[in-house]
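Structure first, commentary second.
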Amino acid sequence: SGNTGVWTDQGKIAAVGVKISRGASFHGFALNVNTDLAYYQNIIPCGIADRPVTSMAAILGKPADMELVRAGLVREFGAEFGFGMLEGPLE
Numbered sequence: 298s299g300n301t302g303v304w305t306d307q308g309k310i311a312a313v314g315v316k317i318s319r320g321a322s323f324h325g326f327a328l329n330v331n332t333d334l335a336y337y338q339n340i341i342p343c344g345i346a347d348r349p350v351t352s353m354a355a356i357l358g359k360p361a362d363m364e365l366v367r368a369g370l371v372r373e374f375g376a377e378f379g380f381g382m383l384e385g386p387l388e
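Each number in the working numbering corresponds to the 1-based position in the sequence shown with 297 added.
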C-alpha cells in the first residue's frame, strides 16, 4: 500500500526503522504483540487517521503467547533471509 511498517485491516501492527549514519546502517522493527494500545490513542500512524495502531492481542481478542510469537518470528526471519538461527541468551 506504500505505507511503511506492517498493516492489517485493523491498523498498523508493526513499525520498521532504517537509518544510515557515518557509513553504518541501523535497522530494526517493533511488533505489537500484547501492547497496551491506550498509549497510542493520540497517535496517527503515518498520518493515516482512519487506520489506528493495533496489536496481535486486539486482533485475536485475547493475549498472544509471547513464546510462540518469538519462536515463529525467529524461524520465519531465518527462512526469509536464508539464515540458520541459533538459540542463545540475551546479554
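For every residue, glycine included, the Cβ atom is placed at its ideal position computed from N, Cα and C. Predicted, not measured: the structure shown is a model, and the values here were computed from it.
Could you give the first and the last residue of the continuous alpha helix (DSSP H) run that contains residue i?
i	result
F380	Careful: F380 lies outside any alpha helix (DSSP H) and carries neither H nor E.
If I measure Cβ to Cβ from residue i and keep anything under 6 angstroms in the same chain, skipping five residues before and after, which residues do I get?
i	result
L328	A311
P342	K309, V350
Taking just the CA atoms, how far does residue j sit from residue i?
i	j	result
I317	G299	21 angstroms
K309	I340	11 angstroms
E377	L370	10 angstroms
K359	F323	33 angstroms
A346	T332	20 angstroms
G302	F326	8 angstroms
First and last residue of the beta strand (DSSP E) that includes residue i?
i	result
I317	308-318
A321	321-328
Going by the DSSP bridge assignment, what does residue i pair with across the sheet?
i	result
V350	K309
Count the other CB atoms within 10 Å of the CB of residue i; is the residue buried (16 or more) or exposed (fewer)?
i	result
S352	buried
Leaving out the 5 sequence neighbours to the left and right, which residues in its chain are closer than 8 angstroms to residue i when beta-carbon positions are compared?
i	result
V330	S352, M353, A354, A361, M363, V366
V315	S322, F323, H324
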